[in-house]
Structure formats: structure tokens, C-alpha cells
Amino acid sequence: MNSLFQIEIPKRNGLCSGHAERLQAGMEYYSLIVEGEDQQVIRQDFCAACWPHALKSELFLKKKGFWKSKIEHKKNEVPSLRFDRALHLLKELLEHPSQNEEEIFILSVFLSHSKKLILRQEFEKEGSQWGLYEIAHQDEFLTIKIFPLTTLETEKVQKKLAEKLGDGQKIKSQHL
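For the sequence shown, the positions run 7 to 182 when the numbering used here is used.
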């Protein structure tokens, strides 16, 4: 049975877990995910200086995943209505993931190419490939089933998405 599960990843900490330095715009940092005793997800963020020490820690041996990221400077750009609608549609489709898996995946590819979603980690579960995506500048995470593009009828899925987006235009797929 293919079902989508969501991993609730806590938002980035404002302070380094190593020595409580404030993580500021422009800084690179590392996020470490571990599972607590009651199976809740625990996130610890480390500045570049503390990361080598974290790699040697007992906590790192219990890791479920980790990644490197950078705190972006806030831009004063006007957000694209098209991307906002696509992201909103993705969140709506994720409310009933088993009915919309292919559409969810194609939207995630579109939003990844536009740098609105960032693939943080791929993993296998229940015999399928999954991706852990971060919504850029929101520190919110989504778990999305990954399909080989060769197995999808992308034109058909794109038409469905265009109808749902309400603009009657296909999502540009120059990279698909």
C-alpha cells in the first residue's frame, strides 16, 4: 500500500546547538536530525565551527539525517503569484496524498527547479523512494514520494495541474 507519511521536522533553531552562537543571515549551518526516546524528531543546528565536534559526538551516531544549508539574506522581491499558487496547490494536494501522488511529485519538481523547494534528503521506505523537501525561506518540511519521470505521463499530469492552478497554461517543463 502506498501512503504518504509526513515527518514533522522542527524549524531551524536561532542559536547554534554547540555554543549558542546566533545563526545569522549569510551563515552556513548544519542540521542534524535524531529520534528522541519517545520517537519524536529532534533537530539540532550547528554553525560551521561547531560541526566538526558534532560529527564526533555520540548524538551523531544516532542520526536519522543531516544536511548543510545557508541562511539566506531576505530579499525584497515581489513573490511570483504563479509560484505561490503552485505551492498552495501542493499543500492542498498533500492533504490527500494517495490520490495525488504523481501531481504532487511533478509540482515538487517544478518548485525545486524554481528554487521554492529544496531537496534535503532522499530515502527509501515501504519499497519506494521518498524525498524530504524544505520550503525555501519558510523552514517547513514536506515528504514527497519520488517517481522515475519515465514512468509518468507528464503531459497528462501537467494538464491536470494547469486546470487546478486555474491559469489554463501548462507548467513549463524545460527540465522534465
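Here a beta-carbon is modelled for each residue, glycine too, at the ideal position from N, C-alpha and C.
Because the structure is a prediction, the values reported are computed rather than measured.
Option in the options with minimal Cα separation from residue i
i	options	result
K170	L21, K97, H25, K69	K97
Y35	T156, K17, E130, W57	W57
C22	E41, K76, Q50	Q50
L148	H94, H59, A26, A54	H94
G71	V47, A60, L38	L38
R88	F116, E161, K131, Q105	F116
S118	L61, A92, E43, L100	A92
T160	E101, S134, F111, Q45	F111
L158	E107, G172, K121	E107
G172	G42, D90, L29	D90
Proximity below 8 Å, CB of residue i to CB of residue j
i	j	result
I141	L113	no
I3	Y139	Since the first and last residues shown for the chain are 7 and 182, residue 3 lies out of range.
G20	F52	no
W136	E146	no
K165	E109	no
V47	P16	yes
A31	I77	yes
R18	W73	no
Start-to-end residues for the beta strand (DSSP E) that takes in residue i
i	result
S183	The question about residue 183 has no answer, for the chain in this structure spans 7 to 182.
E98	Counting along the chain, E98 falls outside any beta strand (DSSP E), though it belongs to the alpha helix (DSSP H) covering 87–99.
R18	Where R18 is concerned, there is no enclosing beta strand (DSSP E), given that its DSSP letter is neither H nor E.
F129	123–131
T149	146–152
S134	134–141
Segment limits, alpha helix (DSSP H) that includes residue i
i	result
E108	107–119
Q164	160–171
Residue(s) in a DSSP beta bridge with residue i
i	result
C53	Y35
E41	V47
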